[in-house]
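Note sheet for the following structure.
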Amino acid sequence: MSDMPRLETPLLEVRDLAVAFDTDGGAVHAVNGVSYALREGETLGIVGESGSGKSVHVLAMLGLIPRPPGRITGGQVLFRGRDLLTLPEKALRKVRGGEIGFVFQDPMSSLNPGMTVAAQIVEPLRIHLGLDARAARRRARELLDLVRIPNAAGRLDQYPHEFSGGQRQRVMIAIGIACRPKLLIADEATTALDVTVQAEIVALVQELKREIGMAIIWITHDLGVVAGISDTVQVMYAGRILERGPVDDIFADPRSAYTLGLLRSLPDLTRGRAGRGRLRQIEGAPPDMRAPPPGDPFAPRNAYATPRCRTEAPPLVQAAGAAPGHLVAAWYDLPAILAREAEEAR
Amino acid sequence: MSGMDRDAAALLPPPSVAGGRAVTLPREPGMLGAFWRRLRARRSAVVGLAIVVGLVLMAAFAGWIAPYDPTATDWGAVRAAPSLAHPFGGDEVGRDVLARIVYGARASLGAGLVSVALAVSLGLPLGLVAGYAGGWVDGAIMRLTDALLAIPFLILAIALAAFLGPSLTNAMVAIGLSATSTFVRLTRAQVQAVAAEEFVEAARSVGNPPWRIALVHILPNIVPAILVQATLTIAAAIIAEASLSFLGLGQQPPEPSWGAMLNVAKNFLDQAPWMAIWPGLSIFLAVLGFNLLGDGLRDALDPRART
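Printed below as a string of structure tokens:
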């Protein structure tokens, strides 16, 4: 499923990953055959609405979904050549926080309120690097410096409630990068923060990425953040990838009607008054994942859907006439449809 | 028999105290200070604390406080009315009632503390494992707990006394075993609530092994709820000890116990009412003290009541 010809093996290769949750009302198919590859040092932005499977599939990769009710129903996740899904729990623990760092959505609730910040930063250092208490503490102070928390030494023994929201997210990032991971997964890491703090956190992560050289999977529903940080963007809907490609191509030349809908729902400040018209929302609601539609999952909400979209799921393939590596799962030809619309409008 | 069942029901500790919500243990000085301020702001909690501290001091320094040996008899003081020499009066064989009340605090508080310590040391690990491991382990532990709940308290106490002989120690064991299921259930519910918090997932994401998550990330966060329940259970255990001693299944004569004193006193209610009044009042005060303190702790540790 590699989208660009290259010699090196990818850092992470997800093959046909499927995850379901058993509920009283039947199995909820949260992730339905997700495949992609991530190069060393690449930043992948994954966008999608709640329930699109964007968070669940990364949690499932690392064995972090509760099982039961969660269930991995198929696929492989190759990280540096090993399949994480078949790795024993003990070996998987070495990957978590060591080779793969995590930053969660809500910095208010992701830190243990009863433990000092130092005690929490030290955890991955002691678990994965085997540092003794003194060395780990020294490293914790360096990490707080690294994430730009002023007076790091004086704040080590403070509790999370003594930090602001943005500072707590910096602490979370310090924990995530503590062992210089090959991959940092940020799950809605800026969603709970206000906009100015968001920008600071994004800038910090990009700086750290340059310094450590890690790859990043940045999960969000905020297209603005994705545009600023990603090399590659992947749009997910109903547990599938609908479109994937280099960030500029996705924004300039969307090939999935869902991506187009997302872009049209954004205000465009660069277009002046013209951009200030009524924002367009995507009609309808996501499908019931207990019984996903047989074809393209977005078809019921898609005005451009063809009869084939409703019966047969389109594969994720290179979009015709688009930049190399720009993949789309659609039976319809979005540029042609848009050109026809523009024609008729004239 | 039905009367005994009602008694047994009253002996069971009150139902779960902290709801499903996780409460946070204040460990940093500023937070401890805030906790202390909130506790002090509740007059009933302060009264409860004063009663408890007073009783503990009385039990600890019984040798200095008691005017007489609690088992020494004096023929001149048989059923003597309260006087300057015997402020609380004398009992049926001429022992000083005040001395026996003071020393009796040791049996009551000891039984309360030891039996609750037993219940917590059994119930907390079981509840922690059940709540965190889930699955069949949880099922097995909870069925065991249900079975324990089904054993009537008095029958258990009588059976223990029958096999091992009546003694204060055996009474403590019976009380402790009966209270264990409460702590299993409370701990399990609290652990489940805390385990669902995001910081536990974050702790898993840095590679913490399960035992470390349970002991370092979950346990400290459920201590307040356990502390509150333990305080309230001590009150129930004191009544339970008094009941067992009243029935002759607890503290054995001539060692003093408030419950045993009441048992003897009931035969002399019309001639020497002080023999019943003082131990009855002592039990009442001790239970009131622990209940007030427990309620105060609950309020002071409740994160929803931050001032």
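Going down the list, the sequences are from chains A and B. All residue numbers for the first sequence refer to the numbering used here, where the first residue is 1455 and numbers rise by one. All residue numbers for the second sequence refer to the numbering used here, where the first residue is 6 and numbers rise by one. Even glycine gets a Cβ: it sits at the ideal position worked out from N, Cα and C. As the structure is a computational prediction, the values presented were derived from the model and not from experiment.
The DSSP-derived three-state label of A:G1699 is strand. In this structure, the alpha-carbon of A:R1534 lies about 35 Å from that of A:V1649. Per DSSP, reduced to three states, the secondary structure at A:D1476 is strand.
Contact annotation for A:K1548 against chain B: G212 [CB-CB distance below 9 Å, chain order]. The Cβ atoms of A:G1555 and A:H1582 do not sit closer than 8 Å to each other. Under the Cβ criterion of 8 Å, B:E246 is not counted among the residues facing chain A.
Per the Cβ contact rule, the stretch 1487 to 1503 of chain A is in contact with the stretch 1460 to 1469 of chain A (3 or more Cβ pairs under 8 Å). Rounded to the nearest angstrom, the Cβ distance from A:T1686 to A:L1498 is 5 Å, consistent with a contact under 8 Å.
Taken through DSSP and simplified to helix, strand or coil, A:I1655 comes out as helix. What A:H1582 touches in chain B, judged by beta-carbon distance under 7 Å, is G212, going in chain order. Scanning A:N1605, A:D1478, A:A1692 and A:E1596 for the CA closest to the CA of A:I1627 turns up A:E1596. If you check each beta-carbon in the stretch 1532 to 1566 of chain A against every beta-carbon of chain B, the ones closer than 7 Å belong to R1547, K1548, R1550, G1551, G1552, F1556, F1558, D1560, S1563, S1564, L1565 and N1566.
Contacts with chain B (Cβ-Cβ distance below 7 Å) from the stretch 1628 to 1649 of chain A involve I1629, listed in chain order. Under the three-state reduction of DSSP, B:E260 is assigned to coil, being neither helix nor strand.
Setting aside the 5 residues that flank it on each side, B:V121 is surrounded in the same chain by A235, T238, I239 and A242, each with a C-beta closer than 6 Å to its C-beta; the list follows chain order. Boundaries for A:I1671: no alpha helix (DSSP H) harbours it, while the beta strand (DSSP E) harbouring it runs A1669 to T1674, taken from the DSSP string. A:I1629 is classed as buried because its beta carbon has at least 16 other beta carbons within 10 Å across all chains shown. The beta carbon of A:G1568 falls within 8 Å of a beta carbon belonging to chain B, placing the residue at that interface. Using a CB distance cut-off of 8 Å, A:L1518 counts as an interface residue toward chain B. Contacts between A:P1578 and chain B, judged by CB atoms closer than 7 Å, involve V211 and G212 in chain order. Boundaries of the alpha helix (DSSP H) harbouring B:T236: L224 to F251, taken from the DSSP string. For the 8 Å CB-CB criterion, A:T1644 and A:I1655 form a contact.
Your pair A:V1501 and A:V1680 checks out as a contact, with CB atoms roughly 5 Å apart and the cut at 8 Å. A:G1528 and A:A1472 do touch by the CB rule: their CB atoms are close to 4 Å apart, below 8 Å. In this structure, the alpha-carbon of B:G59 lies about 16 Å from that of B:R48.
Excluding five sequence positions before and after A:P1768, the CB atoms of its chain that fall closer than 6 Å to its own CB belong to D1750, A1783, A1784 and W1785, given in chain order. The stretch 253 to 270 of chain B and the stretch 1596 to 1614 of chain A do not touch, with fewer than three beta-carbon pairs separated by less than 8 Å. Under the Cβ distance rule, B:P229 does not count among the residues neighbouring chain A, no pair being separated by less than 8 Å. Our two residues, B:N175 and B:N213, have alpha carbons roughly 42 Å apart in a direct line. Interface annotation for the stretch 272 to 288 of chain B against chain A: empty, criterion Cβ-Cβ distance under 7 Å. A:M1515 and A:V1485 have their C-alpha atoms spaced approximately 11 Å apart. Cβ neighbours of A:V1557 within its own chain (closer than 6 Å, five residues either side excluded): M1626, I1627, G1630, A1640 and A1643. Taking B:P75 as the centre and dropping the five residues before and after it, the same chain places the C-beta of A104, R105, Y108 and P261 closer than 6 Å to its C-beta, in chain order.
Here A:S1564 is near B:F204, since their CB atoms are less than 8 Å apart.
What B:E202 touches in chain A, judged by beta-carbon distance under 8 Å, is S1563, going in chain order.
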